[in-house]
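Read the structure below first, then the notes.
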Amino acid sequence: MKSFGLLIALILLSVSAAPAQESTSESRTAYRVPEHASRGWAFGVYLGVMVSAHSGGFIFPAEQPPMIAYDDGSGLGPALGIRVDIPFTSSLSLSSRLFAECRRGTFTSAPFQQMIIGQHLEPQPMSLEDELDVILRIAGIDLLLQWQPFDANLYLAAGPSLGFKLYEEFTVTERILDPPAVTFLDGSREREMYQGDPDMSRGVHAGIRLGLGYILPIGSDLATGAELSYVVPLQTVTEADDWKLTGLLATVTFLFRF
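The sequence shown runs 295 to 552 under this note's numbering.
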């Protein structure tokens, strides 16, 4: 009889404990913090390539002949940087970045003519063109506001971009187009006319960066991702010309969350 009473007591105790456990489990489920809201700060690095597009036109050299006009150009250069993401809300964060980008461009002038002494020692027009390769190495900072809608890993980013010129290099190659049998004194049909730093571009390059990215978690504190961003300039490359440079940047990111 004593053992029977003990059995009844154990059954009643287990029945009363079950709702409490269920209630605790439901409470934890109801108040569980969403995964994207529990993310803390993130630190990472990124690598990529920048496609630069040039428009507007400029003159080089600007002060002494031959003064050649250049217009549309494009180029491909490497880019790298570090970033720190600071969350504000579950879907909004600030991504501050230090970057280094090689903004390149290749331009070809319109054909122009020079007079030479041709056959039978008579004056003859020679048609030429100049090819200009530009390298601008820029370091700077981006302050991007990132919005991650719909509890997804996809995000949109936008914010100011401020770059500082580190290095500038212009290389001019002149090429003979016509007559076909004419060469320079060394026997070639093209020659390097200039290579150096003309110090033409601004020291500070301001713009707006717009981006679209995707973050893929690969662990509790690690993530990788890809981003495509577009730089819109707020000023010309030089002070004296209408030359503008826009850039399309594709990067791969590695992030550490803490």
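For every residue, glycine included, the Cβ atom is placed at its ideal position computed from N, Cα and C.
Nearest-angstrom Cα separation, counted from residue j out to residue i
i	j	result
S603	D493	Residue 603 is absent from the structure shown; the chain starts at 295 and stops at 552.
S385	T518	18 Å
F401	L543	20 Å
W537	G513	46 Å
D365	P405	13 Å
E423	M361	12 Å
V526	D480	44 Å
Q407	I470	10 Å
G541	Y524	6 Å
S387	V546	19 Å
L539	E416	45 Å
T530	S390	24 Å
Segment limits, beta strand (DSSP E) that includes residue i
i	result
I470	L448 to D472
R551	K538 to R551
S346	A336 to S349
V378	G367 to P381
F354	F352 to F354
E484	E484 to G490
A433	P417 to W441
L496	Correcting the residue type first, residue 496 is Arg in the shown sequence and not Leu. Note, R496: premise wrong, no beta strand (DSSP E); not H, not E.
S387	L386 to T402
P527	L516 to P527
Test item: CB-CB of residue i and residue j under 8 Å
i	j	result
V345	S368	yes
A363	I353	yes
C396	I435	no
D379	Q442	no
F552	W335	yes
L438	A446	no
Other residues of its chain near residue i: CB distance less than 7 Å, five sequence neighbours each side excluded
i	result
L392	G375, I376 and I435
G399	S346, H348, G367, S368, G369 and V428
P372	V343 and C396
L341	L374, T545 and V546
Proximal residues to residue i (C-beta, below 8 Å), its chain only, five neighbours per side dropped
i	result
Y461	I429, L430, R431 and D491
V339	L374, G375, I376, R377, T547 and F548
T532	F352, M494, S495 and R496
V498	L456, G457, F458 and K459
Contact set for residue i: own chain, Cβ-Cβ below 6 Å, skip 5 residues either direction
i	result
E425	T402 and T467
Quick check: the stretch 460 to 473 against the stretch 482 to 490, are at least 3 beta-carbon pairs closer than 8 Å? At 8 Å Cβ cutoff, the stretches touch.
Tell me, please, whether the stretch 495 to 510 touches the stretch 444 to 461 by the rule of three or more beta-carbon pairs shorter than 8 Å. Three or more beta-carbon pairs separated by less than 8 Å link the stretch 495 to 510 to the stretch 444 to 461, which places the two stretches in contact.
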